[in-house]
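Okay, so the sequence shown: first residue is 553 according to the numbering used here, each after it adds one. Beta carbons: idealized from backbone N, C-alpha and C, even for Gly. Just so we're clear, the structure is a prediction, and the values are computed from it rather than from any experiment. Scroll down for the structure; my scribbles are underneath it.
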Amino acid sequence: MLPSDRPSLSVVVAIVSDTTGAPNSLHLARCLAALTEQAAAGSIEIIVPHLPSTTGISLLREQFPAVRFAEVPDLRMSTGRSGSREHHDELRARGLALARGNIVALIEDHGIPAPDWCRRITESHRQPFAVVGGAIENGIDRPLNWAVYYCDFLRYQNPLQAGASTFASDANVSYKRAALESIRPVWQEIFRESSVNDTLHSQGETVALAPEVVLHQHRLGLRLASALKERFVWGRSYAAARITRAGTGQRVVWAALSPALPVLLLLRMSILAFKKRRTFVPFLKALPLTAILLVSWACGEFMGYVTGRANSDPAQTADAIARGTHATS
């Protein structure tokens, strides 16, 4: 396909709301509605890679005929049950492989892009940036939603410092196609934001933040029990992937330091929330819940260091480690 024949922007939507339950499209409709409203005004394609077991896809196909729903039946990192997240990165890679746009963006199913999100992305890529990460805001004013948001995305809350950055979140990020193609072996099987961004940076490319590219996190129906389980799963996954490049001594040290993580993380988050100031009152109201979630993360991280596994399926995790996955930071 010639560059002139390509869409100006491809958006890959990863369904990540199945960490603690069966794959479903609960959040997807609102995300796609926001995207399709913007797609009508320009050359934009929307791709949703999904597991065959994801419920509600057939109805969404009828509701959003312009969206490309790509069923992926052969994921090697899917356990087929709750308590796993590694397959999300494999789904992202499959979606990226299908994307045709000159710019390729990644978001998650519970992300609702601002009305000018697509336009802002296109404008931001007029700069010589290979990667542009946007701001992420909380869209549901409930203490538990705030707590989950602070654990995941506090550093992406506006105000953001525009320009070159050492980080960008795969929940709201876009890439120039040429940059992605130049490092295709890095992401063609498993997309890890840290590996992709670090590789591009090592080749002299610029990762940048654009505070005007705004997305809102809408986590519907959050319950404390599922949020705690999610934190545990993500913490364990992070640790299991992290130790693939660490020796036994480093693994022991990390495990021993895990109990201190809730205090250290909460202190760092408190300082950052105070500096941003915009939502410091909600931060204080959600503080007890945030602390509990951080304890669950620390327990999961400890378990990952001790067992060396991201989930309860040893064969599944061994395959993931053999394929060289890396945790995001």
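Through-space distance from residue j to residue i, alpha-carbon basis
i, j, result
"D693", "A581", "20 Å"
"I688", "N710", "8 Å"
"A792", "D557", "42 Å"
"T859", "H640", "22 Å"
"S560", "C583", "20 Å"
"V725", "A657", "6 Å"
"W786", "S754", "27 Å"
"C851", "R678", "44 Å"
"A591", "S721", "22 Å"
"E638", "T718", "23 Å"
"S746", "I795", "15 Å"
"R744", "V833", "33 Å"
"A730", "A812", "42 Å"
"V565", "P814", "31 Å"
"G715", "N654", "21 Å"
"L752", "I742", "16 Å"
"S810", "Y701", "22 Å"
"V748", "L767", "21 Å"
"L611", "R788", "34 Å"
"R620", "T842", "37 Å"
"V805", "A585", "47 Å"
"G799", "I823", "32 Å"
"I673", "V600", "19 Å"
"S734", "R671", "25 Å"
"P667", "H579", "18 Å"
"S595", "E675", "14 Å"
Selection from the options that minimises the alpha carbon distance to residue i
i, options, result
"T758", "Q769, L819, I599 and L732", "L732"
"T572", "E853, A716 and A777", "A777"
"P840", "L712, C703 and R736", "C703"
"A723", "Y857, A808, G686 and R788", "G686"
"L923", "Q740, A585, A730 and S734", "An answer regarding residue 923 cannot be provided, because it is not within the stretch 553 to 881 covered by the chain."
"A825", "L712, L612 and H770", "L712"
"R820", "S789, Q615 and R707", "R707"
"H770", "V738, S734, L603 and L696", "L696"
"P625", "F616, S822, E614 and H602", "H602"
"P575", "S676, G608 and I599", "G608"
"R861", "A838, Y790 and V738", "Y790"
"K828", "F705, S676 and P680", "F705"
Integer-rounded CB distance, given that residue j should sit under 8 Å from residue i
i, j, result
"V684", "A618", "The pair is not a contact, with the Cβ atoms about 24 Å apart (cut-off 8 Å)."
"V568", "W669", "About 18 Å separates the two Cβ atoms, so there is no contact after all."
"G691", "I659", "About 13 Å separates the two Cβ atoms, so there is no contact after all."
"W698", "R783", "With 8 Å as the limit, W698 and R783 do not qualify as a contact, their Cβ atoms being about 15 Å apart."
"Y727", "A682", "6 Å"
CB contact flag (residue i, residue j, <9 Å)
i, j, result
"L836", "L818", "no"
"R803", "Y857", "yes"
"E597", "A651", "yes"
"T606", "S562", "no"
"F854", "A779", "no"
"P604", "E623", "yes"
"H662", "L772", "yes"
"R628", "E642", "yes"
Closer than 9 Å to chain B by CB, residue i
i, result
"S717", "The structure shown has no chain B; it contains just one protein chain."
Residue i: CB within 8 Å of a non-hydrogen atom of the ligand MG
i, result
"E660", "Among the components modelled here there is no ligand, and therefore nothing to report on the ligand MG."
Which runs of the alpha helix (DSSP H) spanning at least 4 residues fall entirely within the segment 733 to 785, listed in chain order?
You should have 736 to 739 and 745 to 754.
Entirely enclosed beta strand (DSSP E) segments - the segment 643 to 709, minimum 3 residues:
655 to 660, 663 to 665 and 683 to 690, all fully within the segment 643 to 709.
Ranges of the alpha helix (DSSP H) found wholly within the segment 793 to 827, counting only runs of at least 4:
Complete alpha helix (DSSP H) runs here, min 4: 800 to 809.
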